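A.B. asks: Shown below is the structure under consideration.
Numbering (my numbering), first residue to last: 24 to 234.
Given below as structure tokens:
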């Protein structure tokens with residue numbers, strides 16, 4: 024799954040957000056990928072790094088669970104072009120989407136098109152509801168791990184992990200664990216040296232217990 028640190032195409036990462044999303048689920052990974060791209064540029068490396076797109080459920084401002092408002096780059100219905108990695112974010116608003124057939128259908132279609140599919144925090148529920156996690160090992164926020172296991176018995180929930188990879192499907196535990204997952208993806212793409220430099224710049228551990 025690791026890509027070369029040498030010349031290559033930009034890696035497009037889409038982060039799916041919605042009303043009631045957890046703000047740090049969005050901003051944490053976003054900053055990690057952006058920092059990696061700046062580092063590559065500042066050091067004169069040939070890999071172009073990441074292109075980031077915040078994908079919303081609708082046009083116009085979205086309000087997070089904390090009241091923070093932001094403007095997505097596009098909507099899931101208008102997203103075009105190749106996506107390398109799709110991350111579905113978590114938050115209090117996730118339950119409102121579990122019966123949204125337009126969103127679930129889009130996730131199913133995207134799962135067959137992306138190189139990597141992932142979730143942060145309770146974004147796992149959306150992937151599970153879409154039937155994309157059957158037979159796979161995943162993690163989620165500890166407070167909803169038992170609910171996830173009960174609601175989706177074909178999903179193997181590993182509550183004590185910070186992040187889990189099963190094939191090309193990735194999941195992370197609650198809130199700040201999205202940054203751990205982003206660092207792991209950066210290490211896969213660009214190598215341990217770049218990931219360590221990003222971790223140091225962001226003043227976080229490259230690997231925490233539970234990784």
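Note that the Cβ used here is the ideal one computed from N, Cα and C, for glycine as well.
Just so we're clear, the structure is a prediction, and the values are computed from it rather than from any experiment.
Mind the definition here: the stretch 195-202 touches the stretch 48-55 only if three or more C-beta pairs lie below 8 angstroms; say whether that holds.
C.D. replies: Judged by Cβ distances under 8 angstroms, the stretch 195-202 makes contact with the stretch 48-55, as three or more pairs qualify.
A.B. asks: Pairs of beta-carbons, one from the stretch 158-166 and one from the stretch 129-138, closer than 8 angstroms: are there three or more?
C.D. replies: The stretch 158-166, when compared against the stretch 129-138, does not touch it at the 8 angstroms Cβ threshold.
A.B. asks: Work out the CA separation of residue 205 and residue 186 for me, nearest whole Å.
C.D. replies: Between residue 186 and residue 205, the C-alpha separation is close to 10 angstroms.
A.B. asks: Residues in the same chain with beta-carbon distance under 7 angstroms from residue 99, minus the five sequence neighbours each way, listed in chain order, please.
C.D. replies: Result list for residue 99: 39, 78, 80, 126 and 129, in chain order.
A.B. asks: Put residue 72 into one of helix, strand or coil per three-state DSSP.
C.D. replies: DSSP places residue 72 in coil when its eight states are reduced to three.
A.B. asks: Which residue wins for smallest C-alpha separation from residue 96, given the options 229, 182, 225 and 36?
C.D. replies: If we check each option's Cα against that of residue 96, 36 comes out closest.
A.B. asks: Taking residue 73 as the reference, give the member of 115, 147 and 108 with the closest Cα.
C.D. replies: Selected option, being the one with the closest Cα: 108.
A.B. asks: Out of 75, 211 and 61, which one is the CA nearest neighbour of residue 23?
C.D. replies: Residue numbering for the chain in the displayed model covers 24 to 234; residue 23 lies beyond these limits and cannot be assessed.
A.B. asks: Mind checking which residues open and close the alpha helix (DSSP H) that includes residue 60?
C.D. replies: From DSSP, the alpha helix (DSSP H) with residue 60 extends over 46-65.
A.B. asks: Can you tell me the Cβ-Cβ gap for residue 131 and residue 112, rounded? I've got them flagged as a contact below 8 angstroms.
C.D. replies: Actually they are not in contact, since the Cβ atoms of residue 131 and residue 112 sit about 18 angstroms apart, beyond 8 angstroms.
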